[in-house]
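Engineer: One structure, as structure tokens, below. Some questions next.
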Amino acid sequence: MMNWWKWHIEKGWRPVVLLGCFMTFVAGAVGLLLSQPVQAQDNHAQSSAERLVTIRDRGREQTIMTRARTVRQALQLARVTVDERRDVVKPDIDMELTGTTFTVTIFRARPVTVIDGSRRSHITTAEQTPQRIAKAAGITLYVEDRVEFMTSDNMLLDGTNVLMNITRAPLRTVTEEVDIDFPVEQLKDANQPIGFKEIKQLGEKGIRTVTYQAQAERGVEISRKEISSRISKQPKKQIEVIGTKPKNPLTKSKGAHIFTDSRGVAHRETYYDLPMNIVINACGGGGYTVRADGAKVDKDGYILVAANYGNYPRCSVVETSMGPGKVYDTGGFAARHPHGFDLATDWTNGDGR
């Protein structure tokens with residue numbers, strides 16, 4: 063420091079000027095150090111400063127000056143007790159106090175008798191509105207109903223309870239949410255055996271909001287009419303993969319064999335190869351194609367089957383060893399084999415028809 067001072071004097075600086083510079087430097091450093099905790103002090107001061115808290119309880123008000131940081135602390139300092147299981151404090155009892163003034167309202171639980179026709183429900187609740195009081199009593203209150211608060215004339219029956227009398231309206235509006243089933247799309251996998259099933263995308267039900275106008279007598283609904291409906295949530299499609307590979311299918315080399323279905327019914331299966339252009343129209347048309355394994359299938363993928371119409375009506379769906387089939391045709395074999403199936407294939411001609 064002495065060397066710094068001596069150097070500046072030798073350079074022609076006056077002592078007064080040097081002293082002023084030195085004092086300015088010191089003041090700036092001190093100011094910088096003191097300014098750092100200001101923000102933290104301001105934040106702390108906001109939460110710990112004195113404030114006016116007004117407490118409203120049972121129709122009375124009291125105001126206190128306090129440094130309490132939460133509603134709970136303010137109530138404790140004011141010697142106000144609450145039953146947190148039954149009473150309601152607004153704002154929340156653990157909320158932090160802010161600002162210079164604050165108001166706390168306490169809703170005390172009190173006995174209430176809810177009269178709904180011949181039904182009388184005695185409850186203890188801090189709820190204030192008719193809708194919430196009715197809900198606490200397990201009663202549905204509709205907007206068209208009329209509510210009246212009164213005092214009881216029968217102290218033996220109701221004690222000092224507040225009475226809430228409900229007069230039911232003959233017509234009321236009812237809104238309900240109804241589930242919408244999700245659609246199912248099935249993807250066929252020829253590499254998986256029949257009976258295999260895998261959910262590729264899980265479906266979700268939708269929600270339909272339906273509004274009715276309901277008619278009631280003595281509080282009991284006797285009829286309703288739908289007046290509006292809207293889909294509030296669209297259903298999500300479920301996608302499933304199902305196997306179509308037969309475990310022991312009929313083949314060209316077998317010619318005929320016995321197939322037992324899932325119900326235990328034995329079917330003698332054979333195959334034939336004829337043009338199916340005429341019979342395909344029996345069940346809605348749409349043409350047919352030849353599958354990779356030679357089976358003739360309709361537009362929905364069902365194998366074209368000939369069967370006994372007495373046991374398997376035309377257009378009915380049946381199980382075969384080659385997969386699901388649909389009855390389009392019959393033949394002379396059906397009298398000898400009433401549960402037999404003749405499967406349409408392209409195995410004889412191999413012409414794709």
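So the number in my numbering is just where the residue sits in the sequence shown, counting from 1, plus 62.
Every residue gets a Cβ at the ideal spot worked out from N, C-alpha and C, and that includes glycine.
#1: How should F211 be labelled, buried or exposed, when 16 other C-beta atoms within 10 angstroms of its C-beta is the threshold for buried?
#2: Among the candidates T191, T128 and D408, whose CA atom is the shortest distance from the CA of T160?
#3: Alpha carbons only, please: which of V389, D243 and D360 is nearest the one belonging to I269?
#4: Are T382 and E331 closer than 8 Å when you measure CB to CB?
#5: Between which residues of its own chain and K287 is the CB-CB distance below 7 Å, once the five residues before and five after are set aside?
#6: Return the CA-CA distance between S183 and A231, expressed in angstroms with no decimal places.
#7: Take E266 as the anchor and find which of L249, Q254, I301 and N253 has the nearest alpha-carbon.
#8: Name the DSSP beta bridge partners of H184, please?
#9: Enumerate, from N- to C-terminal direction, the unbroken alpha helix (DSSP H) stretches of 4 or more residues contained entirely within the region 113-141.
#10: What is the rounded straight-line gap between the Cα of A188 and the Cα of G200?
#11: Run through DSSP, which three-state label would R330 get?
#12: Is the beta carbon of Y333 less than 8 Å from the beta carbon of T407?
#13: CB-CB under 6 Å to G305, same chain, minus the five flanking residues each way: which ones, in chain order?
#14: Does DSSP put N343 in a helix, in a strand, or in coil?
#15: Flag this pair as touching only if the region 277-294 and the region 315-324 have three or more C-beta atom pairs under 8 Å; answer yes or no.
#16: Compare the beta carbon distance of D119 and V133 with 8 Å and say whether it is the shorter of the two.
#17: Using the three-state DSSP reduction, which class does M338 fall into: helix, strand or coil?
#18: Tell me whether the beta-carbon of P375 lies closer than 8 Å to the beta-carbon of V352.
#19: Mind listing, in chain order, the continuous beta strand (DSSP E) runs of no fewer than 3 residues lying wholly within the region 362-405?
#20: Run through the DSSP bridge pairs and tell me what G268 is partnered with.
#21: Taking the alpha helix (DSSP H) that I195 falls in, what are its first and last residues?
#22: Which of the three DSSP states, helix, strand or coil, is assigned to M217?
#23: Does the Cβ of I261 have 16 or more other Cβ atoms within 10 Å, making it buried, or fewer, making it exposed?
#24: If you drop the 5 nearest sequence neighbours on each side, which residues of the same chain put their C-beta closer than 7 Å to that of N411?
#25: Spell out a yes or no on whether the region 166-184 and the region 214-230 are touching, meaning 3 or more CB-CB pairs, one atom from each, closer than 8 Å.
#26: Report all residues from its chain with a CB closer than 6 Å to the CB of N370; omit the five preceding and five following residues, and keep chain order.
#27: Tell me whether D355 sits in a helix, a strand or coil according to DSSP, three-state version.
#28: Where DSSP assigns a beta bridge to Y204, which residues make up the other side?
#29: Rounded C-beta distance between P311 and M384? I'm assuming under 8 Å.
#30: Under the three-state reduction of DSSP, which class applies to G414: helix, strand or coil?
#31: Pop quiz: L114 and T162 are said to be a contact at Cβ under 8 Å. What is the actual Cβ separation, rounded to whole angstroms?
#32: Mark N457 as exposed unless 16 or more other C-beta atoms lie within 10 angstroms of its C-beta, in which case mark it buried.
Structural biologist: Let me lay it out:
#1: Result: exposed.
#2: The candidate whose alpha carbon is nearest that of T160 is T128.
#3: Of the candidates V389, D243 and D360, the residue whose Cα lies closest to the Cα of I269 is D243.
#4: With contacts defined as CB atoms closer than 8 Å, T382 and E331 qualify as a contacting pair.
#5: Excluding the 5 residues flanking it on each side, K287 has same chain C-beta neighbours closer than 7 Å at Y274 and Q275, in chain order.
#6: Distance between the alpha carbons of S183 and A231: 20 Å.
#7: Of L249, Q254, I301 and N253, the residue nearest in Cα terms is I301.
#8: Looking at the DSSP assignment, H184 forms a beta bridge with T175.
#9: You should have 133-139.
#10: Spanning the two alpha carbons is a distance of roughly 15 Å.
#11: Looking at R330 - three-state DSSP - the assignment turns out to be strand.
#12: Yes.
#13: Closer than 6 Å at Cβ, skipping near neighbours: D251, Q254, P255, I256 and F258.
#14: Reduced to three states, the DSSP call for N343 is helix.
#15: No: the two stretches stay apart, fewer than three of their Cβ pairs being nearer than 8 Å.
#16: If you check the CB distance, D119 and V133 do not come in under 8 Å.
#17: DSSP places M338 outside both helix and strand once states are collapsed to three, so it counts as coil.
#18: No, the Cβ-Cβ distance between P375 and V352 is not below 8 Å.
#19: If we require 3 residues or more, the beta strand (DSSP E) runs fully inside the region 362-405 come out as 365-368, 379-382 and 385-391.
#20: Beta-bridge partners assigned by DSSP to G268: I242.
#21: If you look at I195, you'll find it in the alpha helix (DSSP H) that goes P192 to A198.
#22: Of the three classes helix, strand and coil, the one that applies to M217 here is helix, per DSSP.
#23: So I261 counts as exposed.
#24: Closer than 7 Å at Cβ, skipping near neighbours: D335.
#25: Short answer: they touch.
#26: Within the same chain, N370 has close Cβ partners A396 and P400.
#27: Of the three classes helix, strand and coil, the one that applies to D355 here is coil, per DSSP.
#28: Note: Y204 sits in no beta bridge, so no partner.
#29: The pair is a contact, with the Cβ atoms about 5 Å apart (cut-off 8 Å).
#30: Note: G414 maps to coil in three-state DSSP.
#31: Confirmed, Cβ separation roughly 7 Å.
#32: In the structure as shown, the chain starts at 63 and stops at 415, and residue 457 therefore has no counterpart that could be examined.
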